[in-house]
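Quick notes on the structure that follows.
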Amino acid sequence: MLLYLMQHGLALPKEAAPEEPLSPMGRELVTKAGQMARRLDIGFDAIACSPKLRARQTAEIMAKETGFPVEDIASTPLLKAMNPAVQTVDFLNGLNGAQSVLVAGHMPNLAKLATLIITGDDRPKIEIQNAGLLCIECSGHKFRNGTLKFSINSRHFALMR
Numbered sequence: 004m005l006l007y008l009m010q011h012g013l014a015l016p017k018e019a020a021p022e023e024p025l026s027p028m029g030r031e032l033v034t035k036a037g038q039m040a041r042r043l044d045i046g047f048d049a050i051a052c053s054p055k056l057r058a059r060q061t062a063e064i065m066a067k068e069t070g071f072p073v074e075d076i077a078s079t080p081l082l083k084a085m086n087p088a089v090q091t092v093d094f095l096n097g098l099n100g101a102q103s104v105l106v107a108g109h110m111p112n113l114a115k116l117a118t119l120i121i122t123g124d125d126r127p128k129i130e131i132q133n134a135g136l137l138c139i140e141c142s143g144h145k146f147r148n149g150t151l152k153f154s155i156n157s158r159h160f161a162l163m164r
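Each number in the numbering used here corresponds to the 1-based position in the sequence shown with 3 added.
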C-alpha cells in the first residue's frame, strides 16, 4: 500500500481572506505536483482531506490532475492540524481496499502521521513543505511499518515546465 502525504499549498493570509484559500502561487505549485504525479503514472484509489478550504482545494487540484473523481474525495476533521496521528491512522485503515491513498492536510498532523507510520513514534521527525509530496510504502493491509519511498518539495515542482 502506498500513502502519499501532501501539505496544502500556500494560502492567502487570514487578513486578506478569512477562510485562507490557496494563493495563486499555491494553486500553481499544487497543479505542478499533480502534473508530475500524472507523468510518473501515480494514481489514487482514495483521496482524503481536512475540511479546511486550502486542504480541500489542494485535494481537488490533485484529483483533477490525476483523473480521480473530485466527488469521491473524503473530507474529515481527523486530518486537521492538531488531530492525534493515531486517530488519523485508524481513519486511513478504514479505507478498505485502497492501495494508493493521497492525504491533503496540515502540519503538524502530517509530520506526526508520517513519523508514526515509519517509526511507531508520533514525535515529528519529518517535515513536509507546502505543496510538498511524500510517499510511504506500507507492507500488508494496514498503514503501519512504513518505508519512506520519496519526498519532493515544492521547489522541485517550481522547476517543471
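All residues carry an ideal CB built from backbone N, CA and C; glycine is no exception.
Note that the structure is predicted; figures quoted are calculated from it, not measured.
Going by DSSP in three states, residue i sits in which element: helix, strand or coil?
i: Glu140; result: strand
i: Thr150; result: strand
i: Ala77; result: strand
i: Leu82; result: helix
i: Leu15; result: coil
i: Ile120; result: helix
i: Lys115; result: helix
With residue i as the anchor, note down where its alpha helix (DSSP H) starts and where it stops.
i: Phe94; result: 88-96
i: Leu162; result: Where Leu162 is concerned, there is no enclosing alpha helix (DSSP H), given that its DSSP letter is neither H nor E.
i: Gly37; result: 27-42
i: Ala20; result: Unbroken run through Ala20: none, as it is neither H nor E.
i: Ile64; result: 56-69
Any idea which residues DSSP pairs residue i with across the strands?
i: Gln10; result: Gly108, Asn133
i: Leu5; result: Ser103, Glu140
i: Ile155; result: Leu136
Starting from residue i, follow the beta strand (DSSP E) in both directions and report where the run begins and ends.
i: Ile50; result: 49-52
Excluding sequence positions up to five away, which residues of its chain have a Cβ less than 7 Å from the Cβ of residue i?
i: Ile155; result: Gly135, Leu136
i: Arg59; result: Cys52, Ser78
i: Val73; result: Glu63, Ala66, Lys67
i: Ser157; result: Leu32, Gln132, Asn133, Ala134, Gly135
Going by beta carbon distance, what residues of the same chain come within less than 6 Å of residue i, once the five residues before and after it are set aside?
i: Asn86; result: Asn112
i: Ala88; result: Lys115, Leu116, Leu119, Asp125
i: Leu95; result: Phe146
i: Ile180; result: The requested residue 180 does not occur in the structure, where the chain is confined to residues 4 to 164.
i: Lys17; result: Glu23
i: Gly149; result: Ile120, Ile121, Ile139, Cys141
i: Leu13; result: Ser26, Met28, Gly29, Asn133
i: Gln90; result: Leu81
i: Phe153; result: Cys138
i: Ala40; result: Thr69
Out of the options, which one is the CA nearest neighbour of residue i?
i: His109; options: Leu5, Ala62, Glu18, Ala20; result: Ala62
i: Leu56; options: Arg41, Arg42, Asn148, Pro80; result: Pro80
i: Ala107; options: Gly97, Gly37, Ala20; result: Gly37
i: His159; options: Ala20, Lys35, Pro21; result: Lys35
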